[in-house]
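Enquirer: So that we are looking at the same thing, I have put the structure below in structure tokens.
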Amino acid sequence: MQSKTYVSQSLKNGRLMRWTYMPLKVYVAPMKFYSKQGEDYKYRQMVRRACEEWQTATKGRVSFSFVKTLLESNVNVDWKRVERKALGHCYFSFDGANRLYGAEVAIGLTDGYIHGDYGDESEVYHTILHEIGHAIGLGHSPYKTDIMYTPHQKGIHRVSEGDILTVNWLYRLPQGATVADVAAQFSMGGSDIDEIIYRVMHRNQPSEFEKVKNNVKIPKRDLLDEQENIALLRKYHMALQNVTLSDDMRKFFLKNKRDNLK
Numbered sequence: 001m002q003s004k005t006y007v008s009q010s011l012k013n014g015r016l017m018r019w020t021y022m023p024l025k026v027y028v029a030p031m032k033f034y035s036k037q038g039e040d041y042k043y044r045q046m047v048r049r050a051c052e053e054w055q056t057a058t059k060g061r062v063s064f065s066f067v068k069t070l071l072e073s074n075v076n077v078d079w080k081r082v083e084r085k086a087l088g089h090c091y092f093s094f095d096g097a098n099r100l101y102g103a104e105v106a107i108g109l110t111d112g113y114i115h116g117d118y119g120d121e122s123e124v125y126h127t128i129l130h131e132i133g134h135a136i137g138l139g140h141s142p143y144k145t146d147i148m149y150t151p152h153q154k155g156i157h158r159v160s161e162g163d164i165l166t167v168n169w170l171y172r173l174p175q176g177a178t179v180a181d182v183a184a185q186f187s188m189g190g191s192d193i194d195e196i197i198y199r200v201m202h203r204n205q206p207s208e209f210e211k212v213k214n215n216v217k218i219p220k221r222d223l224l225d226e227q228e229n230i231a232l233l234r235k236y237h238m239a240l241q242n243v244t245l246s247d248d249m250r251k252f253f254l255k256n257k258r259d260n261l262k
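For the sequence shown, position 156 (counting from the first letter as 1) is numbered 156 according to UniProt numbering, and the numbering increases by one without interruption.
Encoded structure:
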């Protein structure tokens, strides 16, 4: 399981860039000029599903609501002609404090059709999921199993453990924080934010010795057996207290004691 994040890709001018309010209002443009009849609904549902997947990944820390007009939205999803080498684009709007306030998502079209490199609908969904990831502030991942990896990896159709870790750390850390701020927050040094996060995640994990110790199975003892053993010990102790010695035995022990003291 991947335990490294790519939060460093969400740094802009050395500070974390993300949204500071939720839910994000999403407008999905119609596809009536580009799609076959009935496809508009299908692709709109893919956008909804992608938003739901990111919302679930963050346990609601990132959330969405869908609006009917472009003017109401902060995230606009449109179906546009893009570079032939690309399957989608996302453009951010942010202020001087690195607070996101707008995102324009473009899903690739060529010659009026969904980009020919998709091959099937699952690859369309991959691109939508990837671009929504950008819209919430994620950059590109260096790990091929992540949905945010680039170039497009066919066969990856859901957010990975690494994607989930990254988006949750992005929204756990203070917006606008520098790497030095994050290091100070967790009382450790370092200039790589993802390395700092990795060390924070692992610093409370048990050592190899503790893991072995915790795996040692101590045999369970029956409570009744324990009580019987205690009763026998008490009985034995009382018996010792009631032992009486004959006069000859007492004289023998006293004589030996005197001889040992000489």
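For each residue, glycine too, the CB sits at the ideal point set by N, CA and C.
From a predicted model like this one, the values you see are computed outputs, not experimental measurements.
Is the beta carbon of Ala-177 sitting closer than 8 Å to the one on Leu-16?
Expert: For the purposes of this step, residue 177 is taken as the residue at position 177 of the sequence shown. For the purposes of this step, residue 16 is taken as the residue at position 16 of the sequence shown. Yes, the Cβ-Cβ distance between Ala-177 and Leu-16 is below 8 Å.
Enquirer: Could you tell me the alpha carbon to alpha carbon distance between Val-167 and Ile-230, rounded to whole angstroms?
Expert: To locate residue 167, count along the sequence shown from 1; it is residue 167. To locate residue 230, count along the sequence shown from 1; it is residue 230. Cα to Cα, Val-167 sits roughly 58 Å from Ile-230.
Enquirer: Cα separation between Gly-96 and Gly-14?
Expert: Within the sequence shown, the letter at position 96 stands for residue 96. Within the sequence shown, the letter at position 14 stands for residue 14. The straight-line gap from Cα to Cα measures roughly 12 Å.
Enquirer: For the structure I just gave you, are there three or more beta carbon pairs, one from the segment 98 to 108 and one from the segment 55 to 63, closer than 8 Å?
Expert: Segments in contact, no.
Enquirer: Is the Cβ-Cβ distance between Val-7 and Val-28 less than 8 Å?
Expert: Along the sequence shown, one-based indexing puts residue 7 at 7. Along the sequence shown, one-based indexing puts residue 28 at 28. Between Val-7 and Val-28, the C-beta spacing is not below 8 Å.
Enquirer: Ser-93 lies in the beta strand (DSSP E); which residues open and close that run?
Expert: Position 93 of the sequence shown, counted from the first residue, corresponds to residue 93. Where Ser-93 is concerned, the enclosing beta strand (DSSP E) stretches over 88 to 94.
Enquirer: Output the distance between the C-alpha atoms of Leu-70 and Arg-199, rounded to the nearest integer angstrom.
Expert: Translated into the one-based positions of the sequence shown, residue 70 becomes position 70. Translated into the one-based positions of the sequence shown, residue 199 becomes position 199. For Leu-70 and Arg-199, the distance between alpha carbons rounds to 43 Å.
Enquirer: Within a Cβ cutoff of 6 Å, which residues of the same chain sit near Asn-74, ignoring the five residues on either side of it in sequence?
Expert: In the sequence shown, residue 74 corresponds to position 74, counting from 1. Around Asn-74, the same chain offers Leu-24, Lys-25 and Gly-102 as residues with beta carbons nearer than 6 Å, after the five sequence neighbours per side are excluded.
Enquirer: Quick one: grab the DSSP three-state call for Gly-162.
Expert: Here residue 162 refers to the residue found at position 162 when the sequence shown is read from its first residue. Correct three-state label for Gly-162: helix.
Enquirer: Among the residues of its own chain, which have a CB less than 6 Å from the CB of Thr-5, if the five just before and after it don't count?
Expert: Working through the sequence shown from its first residue, we reach residue 5 at position 5. Cβ within range, chain order: Leu-165, Thr-166, Trp-169, Asp-194 and Ile-197.
Enquirer: Could you pull out every residue in the same chain whose Cβ sits closer than 6 Å to the Cβ of Val-77, ignoring the five residues on either side in sequence?
Expert: Start at 1 with the first residue of the sequence shown, and residue 77 comes out as number 77. Excluding residues within five positions, the ones whose Cβ falls inside 6 Å are Val-28, Val-47 and Val-105.
Enquirer: If you measure between the beta carbons of Arg-18 and Tyr-171, is that distance less than 8 Å?
Expert: Along the sequence shown, read from residue 1 onward, the residue named residue 18 stands at position 18. Along the sequence shown, read from residue 1 onward, the residue named residue 171 stands at position 171. Contact flag set, yes.
Enquirer: Put Val-105 into one of helix, strand or coil per three-state DSSP.
Expert: As a first step, residue 105 must be located in the sequence shown, where it is residue number 105. Strand at Val-105.
Enquirer: Can you tell me which of the three DSSP states Asp-247 falls into?
Expert: As a position in the sequence shown, residue 247 is number 247, starting the count at 1. The answer is helix: DSSP assigns Asp-247 an H, G or I state.
Enquirer: Within 8 Å (strictly less), CB to CB, does Leu-87 reach chain C?
Expert: Looking at the structure shown, chain C is missing, and only one protein chain is on hand.
Enquirer: Cβ of Leu-100 within 8 Å of Cβ of Gly-137?
Expert: If you number the sequence shown from 1, residue 100 lands on position 100. If you number the sequence shown from 1, residue 137 lands on position 137. Yes.
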